[in-house]
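Here the structure comes first, spelled out in structure tokens, and everything after it is commentary.
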Amino acid sequence: MNIEGKKAIWNDYQKEIADDNYFYVRSCVRQNFFPGSETAFLKIMRDELGKDVYEHPCHTTCTGIGYHSDIVPLETTMTVVARQFALMTEAGYKNLLPSCITSFGLYTEILDTWHHFPEVEEKIRKQLKKATGREFLKPENLAHASDVFYKFRKEIGAKAKYRLVHKNTGEPLKVVDHIGCHYAKMFPSKGVGGAEYPYVLTGMIEEWGGQIIDYPERRHCCGFGFRQYLVQANRGFSIACSKEKFESMKPFKPDMIITNCPGCPMFLDRWQYVINEMEGKRYGQNGEGIPVFTYEEVAGLVLGYDPWDLGLQMHQTDCEPVLDKIGIEYNPEEKFSTNKIVEDVKIHNYVNV
Amino acid sequence: MSKHVVVIGGGVAGMEAAGQLSKCGFEVTLIEKENKTGGNINNWYKLFPDRRDSSEVKEYLDMISQKNGIKLLTETTIEKLNRHCDRFSITTDKGTEMTADAIIVATGFDLFKSSRKEEYGYGIYDNVITSAGLEEMFRNGKISLTNGKIPSAIGIVHCVGSRDEKVGNLYCSKLCCVTAVKQAIEIKEHIPESKVFCFYMDMRMGGTHYEELYREAQEKWGVNFIRGKVSEAGESIDNKLVIKVEDTLAGRPLKMELDMLVLMAGMEMSEGGKKIARIGGLNTGENRFFSTSDHHYGSNISNVKGIFYAGTCIGPMSITDTISHSRAAVSDVMDFLRDQ
Amino acid sequence: MQFDPFVIPFNIGLYFILFYVVIRSVIWFRGLSRQDKLRLQRGFFGIAFVQSLKEIFLESLIHRKILKTNFRLGYMHMSLAFGWFLLILFGTIEADMFGAKHLNAPYRAIFFRFFNPEHGRMGIEAAYGFLMDLILAFILSGLLLAVSKRFWSKIVGMKKTARLKVTDKIALTSLWLIFPSRLLAESFTSGTYGTGSFLTGSLGHWMASFLPVQELAYPFWCLYSLSLGTFFILLPLTRYMHIPTELFLIFMRNSGIRTGDKAGSYSEVETYSCSSCGICIDACQLNFSTGINNVQSVYLMKAIRNNDNVADIAHNCLMCGRCDQKCPVGIELSPIRMIQRRGSEAENDIRNIYKGYFRSIQKTEIDKPNGFAVYNFLPEIKTEKADVLFFAGCMTHLTPSIKKAMVKILDASGVNYRFIDEHGGVCCGRPLMLAGQDKEARELINYNSQMIWRSGAHTLVTSCPICYKVFNESYHLDAVVLHHTQFIKNLIDNGAVKMKFLRKRVVYHTPCELGRGSGVYDEPKAVLKHVARLEKSKFEDQNSLCCGGSLANMKISYREKSRIACDAAAELTKGKPDILATACPLCKKTFSQATETRVADISEIVAEALMSSTTPKVISKQFYSIKELADIS
Amino acid sequence: MKKMEKFGFVISKGRQIDYESNDRRIAEYIYKREPSFRLCIECGGCSATCTTGNFTGFSLRELHILIKRGENDKARHDIKKCMLCGKCTLVCPRGVNTRNIVVLARQAFQNYDNYAI
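Chains as they are written, first to last, in our numbering: chain V, 586 to 938; chain P, 3 to 342; chain R, 209 to 841; chain E, 2 to 118.
In structure tokens, the structure reads:
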């Protein structure tokens, strides 16, 4: 592989990311999937980086899931999105910061649509006005939360307590990055590094000491694919997609997977468990799974946060192998203790992948 | 005093046009931006469909264009082009000024920059090369991977930068199919035990003897043809290229490991041509090539009186067609200057 | 002198071959089916025996058929076979007449001159010696041709000579040595004693002038005996086995035994009766149009005898039947090839025991248990009654003009007919059979048979000779099967349709499956004569060519097929006819690509000549059903 | 296992043709004996005229490509349906000896089952 070639492409795909004063919109599903991530994000942004991140209590779903599942019409979606913009405008913010990749994609798509079809924008403005009485300004800057961490990767790196290296050998950890499909596949120019060789997570990992590995099925969807998972009859296809990725990355012996999308870590994590249950296959080394993290979790880990505060006990594929490799201190006893974020976890015969 | 015609571009079209103009008794200036004439033909080793050496055609072009009465300016570009009462005044980048009674634009084509099709990984993965890169290997007599090994499975991707809305080229470059077939055969000649796969959307083998060449590739050389556009390339742990394509005829996605991927880069309006269009006020079409005054009978005539087109500056063309087109341009120039 | 050790090789050889032939014929006889055994027994005590003797004389000795096709080749075979026969016959008489006693051991006749060196000085002895020399000269002349044929086959008027295996070569060498060594041995003896007639005498006398003939004689007598012995011992391993086997073949054939569809004693006898004369190679269009010259029947026979893998040879054949017609021994070559096709995919269970002297009969299973075809998808049969059924056949659907013509003719005929595969039908099964897949074919045959039975039709008309052959041979139908040319002929004879005479010169190409395959030669020509001027061609009836489009050959390429088609079409259109007529959709399709001349099926020409104003008449007489026929008789 | 199925979890068999892991011996067998197998341009003429195709979804064109890609399971099943009538050979614009290919494929599958190829 020619890294110079990649750098040339990365240079072509740089986007403007606001410095401060973000209007944060949450993801619908992340709080259920990995509730520590968004909490960690806000904590890092506010406490570590000293940024102003505002969350409006009235913000809603962007309807992305409904839209991509063909149950919410585009016009409805646009109006809901317009309301988010109105909330931002009312709160006096100009920089929109979605936590969710699908939201990010949807906002991008809608802004682009309005750019090309101003009459649609007008219509939506009227509808929003009619329905809620609100008015809005379009965001001046739209960046995904991972873009912001990418922007401040050096700052985070400077404060880091750990590096993504093997504590014994000093070798960088081999990290698989998985970018949510809606991040840049629709609008390559809106993603850091473009659609084919996205740099957003690679930049973080390289800054924090790890090494990204490039494997053939890198671009493949995690398998969520909305209807693939949501329609039960299609679920086998969802697993098959993840499986294809695992089979493809396995020869590279990755230590961990990092993702920037709500669904991807969920499915890459859970399906490893399911595949193991159904076929007895595991894709990590020494009979383990490949731990899957969100970028916020990884940032939290390098900054020295307690893994259980980050919610890593919610992962079905055990994260401990990575913690041990880096040498992160943690108390195994406390993994499922009730005073942590997860307040009422019954300890089942859990995941042992 | 004989009339002066300036030919812009010293490729196949320009050389042919200059030669023919000179034969007709005009005073000719041939302007070429590189340090030697020939243009794209210099990048090709053997020509389809008969696989003759390109130098033979180059020899012919040299023979007709290196004559008294043809003034050759190499490493020269045109900076200014103005029309003053039936004559053109031209200023080159070196400050030379000249006047011309007529101009033949023969700025030709540039090969599509394959790195723009990022998903194929040209410039990123080792062993993803272009058709021109493969010609270079043929010229050196050795097809090898970057690690020096001989490839055993080679994929050829048709329509790279052609018929592709994503890169803004809706048109067909016409000649990549036959080039792919020619190169597939040449690969098999060099490495008989190799497996060669052509990934195509349609096989457009319209020229004389092209279809026969296609058949030969199948029958004699066992080249495999898979109908489907390669969607992406990746790299496996053992440094092989992994391509994904839909085998549209089987109606199934297909994954294959290859040692080498050859991209059949299409033809695009040349940068030089774009510049001439800008400074000369020449119209270009949606495909960015020069647009001609009439599709059927005015394919050499531009929107500016006295400026004529020759060759691939108006769209993809084979060498055969280019030479015919250049001769036709000369005929239009003669008509034009006789009327004056 | 009564005995000399040098005769031992000859004696061993002779008694070995006699013993072998007896054993072999017992094995063959036991291998026959019960009916065939009865046929043979009846034949032995009947007229067949006399016929056989006549045929043996005419064909095995005189080689009449070869003489007719190719005089020089015939002469070669005749001089060797008939000459040798005469030599033995007159030698025995000579030994009996002039020898020391009557009823001698065979060696005394063969080596008569050695044991009676003084014989032949005068009178009747000299005259007899002259006769013997004449016979020897006759043989030697043939031998000279044979030797030259081996090195230059054109000298006997053949384009291609059969290739040989090693044992064949040794046997051939010993055969070639027999007569020259006899000549030299006799000459040396004659030279020593001053005896011998015009050939041996003169040669001996001349050689005695500069050679120690007395010393040389004995070694050549040894060589003579040795070559005879070697030849006899190797005989069962070589193509010369045809010499004794052909006698059995002629007798079995005259007793009414036929090849059938399984390998058996008769097909074995046929296989061994092939003398490798190579006439089939000359007749074969694959040879003269495409240059494929290693798959002809002679090679098939040889491959079977040698237990080689025959699959490639067996399938590389147009099955046009030209060689069947030409074979001077009368071997049923096509049926034997079909047997090999059926068997060639099955496991080879032929064992070659005792170094090839005995070979167990090839077992070919017609019911191959491969399960490689299932036609359970065929639609349910709809029953619609009709008197006459028209089955166009798959190929006819690719030549819609024939289909259209037939519909026009059938409509005009006024018969109550139904076009059963108007919207596509099920294949007749013959293409599968030609590929050796009889079991699969049987499924299709059953399907079509049911459809035909249920219709209650008394006549089945088909446009395709391929279908026609299989309907006739492998279907058991109540209906009379007619090719459309026969049907049209009946219509004309009954006056059911009226036609105008077209002023066109037509040459007729007999399709293989219709002509040689089914014996229909006259009706198509009669129809053509009725509507146009029929011209003669060089390739008529049994000698007709194959168009090359045959479904039987799957091994040759499209280009090779078109080469055959072009050659055949060129031959047929030499007289520049207006129309090249045929009676087969496949021939039509193949020829259309191969010639500038208009190619038309007879039905098309008839449809063109048809006068629309005729009142339809219901014809009856020709179409009695089998049941009705039984009632009448 | 059962537990997962209760959740509606199955792992679909991929539709992807994995060129490397597929077994193309059947195709090789045919290529060797009938070189015109290579000439097919998948025009579909054979499938359109096919007598069997008139009754079923049998497609000789598809069969060719499946065998070439080593997707033998469907081909093995489908090929039984051919009646060998030969119309396909007559309509083929490239002179592919389609009938022989069917016969060879049947042979190849038989040999394959007998471990002969």
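Cβ atoms here follow ideal geometry from the backbone N, Cα and C, with glycine treated the same way.
Check whether residue 717 (chain R) and residue 640 (chain R) have beta carbons under 7 Å apart: no
Contact with chain E by residue 428 (chain R), beta-carbon distance below 7 Å: no
7 Å Cβ shell around residue 19 (chain P) - same chain, five flanking residues per side excluded: 9, 106, 108, 312, 328, 331 and 332
Exposure label - residue 577 (chain R); buried when at least 16 CB within 10 Å: Per-residue confidence for residue 577 (chain R) stands at a pLDDT of 41, beneath the threshold of 50, marking its modelled position as unreliable; the derived number appears in the next sentence. Per the 10 Å Cβ criterion, exposed.
The stretch 62-74 of chain P: positions lying closer than 7 Å to chain V by Cβ: none
Residue nearest to residue 420 (chain R) in terms of C-alpha spacing, selected from R:355, R:401 and R:807: R:401
For residue 255 (chain P), the three-state DSSP class (helix, strand or coil): strand
C-alpha gap between residue 590 (chain R) and residue 653 (chain R), whole angstroms: 16 Å
Residue from E:9, E:106 and E:54 whose Cα sits closest to the Cα of residue 69 (chain E): E:106
Nonlocal neighbours in the same chain, by C-beta distance under 7 Å from residue 246 (chain R), ignoring five residues either side: none
Inter-residue spacing [alpha-carbon to alpha-carbon] between residue 65 (chain P) and residue 45 (chain E): 50 Å
Contacts around residue 374 (chain R), its chain only, beta-carbon distance under 7 Å, and the 5 residues preceding and following it disregarded: none
Proximal residues of chain E, C-beta to C-beta of residue 258 (chain P) below 8 Å: 20 and 21
Residue interval of the alpha helix (DSSP H) (run including residue 340 (chain R)): 331-359
Any beta strand (DSSP E) of 3 or more consecutive residues that is wholly inside the stretch 599-649 of chain V: 607-610 and 638-640
Contact with chain E by residue 186 (chain P), beta-carbon distance below 7 Å: no
Within-7 Å CB hit, residue 70 (chain E) to chain P: yes
Chain-ordered chain E contacts of residue 845 (chain R) [CB-CB under 7 Å]: Because residue 845 (chain R) is not part of the residues shown, which for chain R are 209 to 841, the question remains open.
Min CB distance residue 5 (chain E) to chain R below 7 Å: no
Beta-carbon spacing of residue 127 (chain P), residue 237 (chain P) below 7 Å: yes
Residue span of the beta strand (DSSP E) that contains residue 132 (chain P), given as start and end: 130-132
Neighbour flag for residue 236 (chain P) against chain V, beta carbons, 7 Å: yes
C-beta neighbour in chain P for residue 111 (chain E), strict 7 Å: no
8 Å Cβ shell around residue 671 (chain V) - same chain, five flanking residues per side excluded: 713, 717, 719, 720 and 721
Residues that residue 244 (chain P) contacts on chain V, provided the C-beta gap is smaller than 7 Å: 801
Rounded straight-line distance, which links the Cα of residue 273 (chain P) to that of residue 82 (chain P): 16 Å
Residue 180 (chain P) to residue 212 (chain P) span [Cα, whole Å]: 6 Å
Assumed close pair residue 669 (chain R), residue 747 (chain R) - CB separation to whole angstroms, cut-off 8 Å: About 27 Å separates the two Cβ atoms, so there is no contact after all.
Endpoints, beta strand (DSSP E) assigned at residue 625 (chain R): 625-627
Residue 609 (chain V) versus residue 598 (chain V) - alpha carbon distance: 24 Å
Sequence-distant residues of the same chain with beta carbon closer than 8 Å to residue 225 (chain P), five excluded per side: 183, 186, 187, 190, 198, 199, 200 and 219
CB contact check: residue 759 (chain V) to chain P, cutoff 7 Å: no
Residue interval of the beta strand (DSSP E) (run including residue 770 (chain R)): Here residue 770 (chain R) belongs to no beta strand (DSSP E); instead the alpha helix (DSSP H) covers 766-780.
Residue 9 (chain P) (DSSP reduced to helix, strand or coil): strand
Touching by the beta-carbon criterion (3+ pairs, under 8 Å), the stretch 139-150 of chain P and the stretch 285-294 of chain P: no
Inter-residue spacing [alpha-carbon to alpha-carbon] between residue 13 (chain E) and residue 831 (chain V): 15 Å
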